[in-house]
Every structure is written in C-alpha cells, then in structure tokens.
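Peer 1:
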Amino acid sequence: MELKLTDQTGKVIVKDSEISGKGLFASQDILEGEEIMIIDGEVIDEDECVRRENEENNVYIFWNEINYIDTAKTAKIKFINHSCGPNCDVEDGDESSLKLIANRFIKTGEELTIDYGYEEIYEFCNCHICAEESKIA
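In this note's numbering, the protein residues as written are 29 to 165.
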C-alpha cells in the first residue's frame, strides 16, 4: 500500500517495504550526491530526547551536532529503513535540520536506506546484506 504523503522535493514516496513495515522509495532517478530531502521536525533538548526515547519508544529522533530533531510527527524520513550498505547518507543542514543525500545512483522505485549508526540494530538487522551473511554463516 502506498501512502500519499508529500515532501518538499517530490523525489520520494512511502510504501510497503521488504525490509520492515513501510519504507521510503525513490519516485524518480536520483544522482549520486543529490540532495533528496531536508530532514526537519521539532527541535528538542537532550533531556526531552531521552524522555521521548524511553517513555514513548520514539526512534525518529536525529542529532545534527547542535540539536535533537524529532521527526515522528512531521517528516517522511521516519519511514526510512536501515541497511548496513545504505544508498543514502545524512549530512548536517542548519541548526534545526539535516539533509538526506544519495551516496550512489538510485533508480526509480528503489528503497532508500541509511545506516542507523547504533550497535543495537545489528543484532536484529534484516537488511539484504545481513540476510545474505546469515545464509553463509
């Protein structure tokens, strides 16, 4: 099922993912180095970040080296899934945002992924790279 959410660039859509739940997919070809979207949301402090992570199980919070940005209610980025071999990187924006950037050419219809960057994910990782490695082991 495809969700009809809008984003500022029109480059992404949300639909069912083979990785987990819903995912973020390219709605057009995206070039390496191209900015896909701005990651923005509610700017919160560290104490509020910890509270939301613990009490609300909120996993949609990003850190831009200045502020914590909660994207749970505002941005499509919350649908992006993890991969140990991601096709996107998250780069600093301004004090209240980040940028999602393609780290290689991405074809229309391909799922966008980032490396979540924390150890807990790797024990339960379902990305295609980890799935292939588990078949070998």
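The C-beta atom is built at its ideal place from N, Cα and C for all residues, glycine as well. All of these numbers come straight from a predicted model, not from anything done at the bench.
1) Could you name each continuous alpha helix (DSSP H) segment of 4 residues or more that falls completely within the segment 47-115, going from the start of the chain to the end?
2) Where does the unbroken beta strand (DSSP E) through threonine 141 begin, and where does it stop?
3) Given that a residue counts as buried once 16 or more other Cβ atoms are within 10 Å of its Cβ, and exposed if not, what is aspartate 98?
4) Mapping the DSSP letters down to three states, classify glutamate 119 as helix, strand or coil.
5) Nearest-angstrom Cα distance between asparagine 85 and valine 78?
6) From serine 124 to valine 40, what distance separates their C-alpha atoms?
7) Considering only the alpha carbon of each residue, which of Ser111, Gly113 and Ile72 lies closest to glutamate 93?
8) Find out if the Cβ-Cβ distance for the pair glutamate 60, asparagine 131 is shorter than 8 Å.
9) Could you give the first and the last residue of the continuous beta strand (DSSP E) run that contains serine 125?
10) Between which two residues does the beta strand (DSSP E) carrying isoleucine 41 extend?
Peer 2: Once the coordinates are examined:
1) Listed in chain order, the complete alpha helix (DSSP H) runs (minimum 4 residues) inside the segment 47-115 are 74-83.
2) The residue you call residue 141 lines up with position 113 of the sequence shown. First-last of the beta strand (DSSP E) with threonine 141: 139-142.
3) One-based indexing of the sequence shown puts residue 98 at position 70. Buried is the call here.
4) By 1-based counting over the sequence shown, the position of residue 119 is 91. Note: glutamate 119 maps to strand in three-state DSSP.
5) Walking along the sequence shown from the start, residue 85 turns up at place 57. Walking along the sequence shown from the start, residue 78 turns up at place 50. Each residue's Cα considered, the two are about 10 Å apart.
6) Position 96 of the sequence shown, counted from the first residue, corresponds to residue 124. Position 12 of the sequence shown, counted from the first residue, corresponds to residue 40. Rounded to whole angstroms, serine 124 to valine 40 spans 21 Å at the Cα level.
7) Here residue 93 is taken as the residue at index 65 of the sequence shown, counted from 1. Per the Cα distances, Ile72.
8) Reading the sequence shown from its first residue, position 32 is the one you call residue 60. Reading the sequence shown from its first residue, position 103 is the one you call residue 131. In this structure, the beta-carbon distance from glutamate 60 to asparagine 131 falls below 8 Å.
9) In the sequence shown, counting from the first residue as 1, residue 125 sits at position 97. That run of the beta strand (DSSP E) goes 125-130.
10) Numbered from its first residue, the sequence shown carries residue 41 at position 13. 40-44 is the span of the beta strand (DSSP E), which, as asked, contains isoleucine 41.
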